[in-house]
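Some notes on the structure that comes next.
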Amino acid sequence: MSQDKGALVLFSGGQDSATCLAWALDRFDRVETLGFDYGQRHRIELECRAALRKGMVKLHPDWAGRLGEDHTLDLASLGEVSQTALTRDIAIEMETGGLPNTFVPGRNIIFLTFAAALAYRRGLKHIVGGMCETDFSGYPDCRDDTIKALQVALNLGMDRRFVLETPLMWIDKAETWALAKRIGGHRLVELIVAESHTCYLGTRGEKHDWGFGCGTCPACELRAKGYHAFVASEEE
Ligand code: ZN
120 MSQDKGALVL
130 FSGGQDSATC
140 LAWALDRFDR
150 VETLGFDYGQ
160 RHRIELECRA
170 ALRKGMVKLH
180 PDWAGRLGED
190 HTLDLASLGE
200 VSQTALTRDI
210 AIEMETGGLP
220 NTFVPGRNII
230 FLTFAAALAY
240 RRGLKHIVGG
250 MCETDFSGYP
260 DCRDDTIKAL
270 QVALNLGMDR
280 RFVLETPLMW
290 IDKAETWALA
300 KRIGGHRLVE
310 LIVAESHTCY
320 LGTRGEKHDW
330 GFGCGTCPAC
340 ELRAKGYHAF
350 VASEEE
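For reference, each letter of the sequence shown is one residue, going 120 to 355 in the working numbering.
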């Protein structure tokens, strides 16, 4: 198989990365997944990964043959250098400077650099991530220019021609649901609703129409709002 047709997907088990995995399975011959464990306050997202992978291969006959290995990298040191609400037991709030305290400085730069090192070893050209400027909460490492600059740096530093793919960069949460529908139909939307996890508090709780979660944290609110906008646009 040509190396040009292989992809590595940054796969956390959330809505965005689940959509990215389906996007990759739809267009690349070989797709591997990568999850990071950096001492998240909750591990539910990581546990959702297996259920999503299992569900995806049942959705489309081609996808079963394309989905390859799952990798997990332990980045506990990232939790050590950051004091944020995602890795410590503190409340989520806005800090001076306008960034929420969920921000782990440079997290995506670190993730993509480790992903490229793994992709190098695995012979995968495309690295797919759910970074997005539209709902990006001001995270500077989600910016399109950050990703493009990093692609140049990685290709120079590793002497490769990696392509950093960000299919969600310019769409909002409602359009992310619509993208899932276009790729895998209603069954993919249902799989992502039921098995992906977004809640910052790590609560599965009751099942809402948009999925499981506490329903009140910023991540749940964003996900619910996007889902309802998606449903409304379907009814138009
Ligand atoms: Zn929540």
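The beta carbon of each residue, even a glycine, is placed where N, CA and C say it ideally should be.
Quick one: measure Cβ to Cβ for residue i and residue j, integer angstroms, because I've assumed they're closer than 8 Å.
i    : j    : result
T285 : I266 : 6 Å
M175 : L129 : Their Cβ separation, rounded to whole angstroms, is 15 Å, which puts M175 and L129 out of contact at 8 Å.
I246 : L127 : 5 Å
D263 : N227 : The Cβ separation is near 12 Å, so there is no contact.
K244 : D135 : Not quite, the Cβ-Cβ distance comes to about 22 Å (not below 8 Å), so this is no contact.
M288 : C336 : Going by Cβ atoms, the distance from M288 to C336 rounds to 24 Å, so no, they are not a contact pair.
G132 : C167 : 4 Å
S352 : A299 : Contact flag wrong, Cβ pair sits at about 13 Å.
G111 : R149 : One cannot answer for residue 111 here, as it falls past the ends of the chain, which runs 120 to 355.
R172 : F147 : The Cβ separation is near 15 Å, so there is no contact.
L283 : G248 : 7 Å
On the DSSP bridge list, what partners appear for residue i?
i    : result
E353 : DSSP lists no partner for E353.
H327 : G330
T152 : V128, D189
L144 : Bridge partners of L144: none, in fact.
V282 : H245
With 16 as the cutoff for other CB atoms within 10 Å, does residue i come out buried or exposed?
i    : result
V271 : exposed
A137 : buried
E151 : buried
T295 : buried
K370 : This structure cannot speak to residue 370, because the chain is shown only from 120 to 355.
E188 : exposed
Should the stretch 340-351 be called in touch with the stretch 190-199, which here means at least 3 C-beta pairs below 8 Å?
no
Scan the stretch 226-266 and note each continuous alpha helix (DSSP H) run of 4 residues or more that stays entirely inside, going in chain order.
226-241
Count Cβ pairs between the stretch 317-327 and the stretch 169-189 that sit closer than 8 Å; are there 3 or more?
no
Counting beta carbon pairs with one atom in the stretch 266-279 and one in the stretch 313-320, are three or more of them shorter than 8 Å?
no
Fully enclosed by the stretch 290-317, which alpha helix (DSSP H) runs are 4 residues long or longer?
292-314
Beta carbon nearer than 6 Å to a non-hydrogen atom of the ligand MG
Ligands present in the displayed structure are limited to the ligand ZN, and the ligand MG is not among them.
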